[in-house]
Amino acid sequence: MSENVTREEIEVENSEILDSAAGTGEQMVVEKDGIKATFTRDARGALKICMEGKGKSKTELRQMGEALMGRVTQQYAYHRVVTELKQRNMTIVEEGMTETESVKIRIRNW
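In my numbering, the protein residues as written are 8 to 117.
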């Protein structure tokens with residue numbers, strides 16, 4: 008007897024900050040350990056993530072989706088900041104992660 012696939016859709020709050028990350032109608036699928044995450048953007052520009060997995064509750068999938076979206080948002084923001092720093096000819100002298108998984112960047116502007 009196979010288990011049914013559970014599905015949970017999450018609309019990402021403030022997804023306009025990721026407006027250049029994906030176009031309307033496009034989708035990106037990521038799969039790991041039997042869990043599939045599908046990122047889409049609707050006609051209004053709202054970003055959604057659909058989580059699917061066997062043997063997982065909707066609550067578990069929502070938690071996984073929110074954690075994944077947090078990491079995606081953090082990476083997107085990091086790359087935007089680094090790009091902006093390079094455009095302003097600023098030098099990154101140190102970068103790393105804190106215990107709380109926050110990104111820490113020290114720069115020098117000569």
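Where a beta carbon is used, it is the ideal one built from N, C-alpha and C, also for glycine.
Give the straight-line distance between the Cα atoms of Glu-20 and Ile-42, rounded to the nearest whole angstrom. Taking the sequence shown and counting its residues from 1, one reaches residue 20 at position 13. Taking the sequence shown and counting its residues from 1, one reaches residue 42 at position 35. Straight-line measurement puts the Cα of Ile-42 at about 22 Å from the Cα of Glu-20.
When the Cβ atoms of the stretch 62-80 are set against those of the stretch 31-51, are three or more pairs found closer than 8 Å? The way I'd put it, the stretch 62-80 does touch the stretch 31-51; three or more beta-carbon pairs between them come closer than 8 Å.
In chain order, each beta strand (DSSP E) run of at least 3 residues that lies wholly inside the stretch 14-89: Listed in chain order, they are 34-39, 42-48 and 54-61.
In this structure, does DSSP put Glu-91 in helix, strand or coil? Within the sequence shown, residue 91 is the residue found at index 84, counting from 1. Three-state result, Glu-91: helix.
Applying the criterion that 16 or more other CB atoms from any shown protein chain within 10 Å of the CB defines a buried residue, is Lys-63 buried or exposed? Indexing the sequence shown from 1 puts residue 63 at position 56. That one is buried.
In this structure, how does DSSP classify Asn-101 when only helix, strand and coil are distinguished? Indexing the sequence shown from 1 puts residue 101 at position 94. This sequence places Glu at residue 101; Asn is not what is there. Glu-101 falls in the strand class under three-state DSSP.
Where Thr-66 and Cys-57 are concerned, what is the direct C-alpha to C-alpha distance, given to the nearest angstrom? Taking the sequence shown and counting its residues from 1, the one referred to as residue 66 is at position 59. Taking the sequence shown and counting its residues from 1, the one referred to as residue 57 is at position 50. In a straight line, the C-alpha of Thr-66 is about 13 Å away from that of Cys-57.
Could you check the C-alpha separation between Gly-32 and Leu-54 for me, to the nearest Å? The sequence position of residue 32 within the sequence shown is 25, counting from 1. The sequence position of residue 54 within the sequence shown is 47, counting from 1. Roughly 10 Å separates the two Cα atoms.
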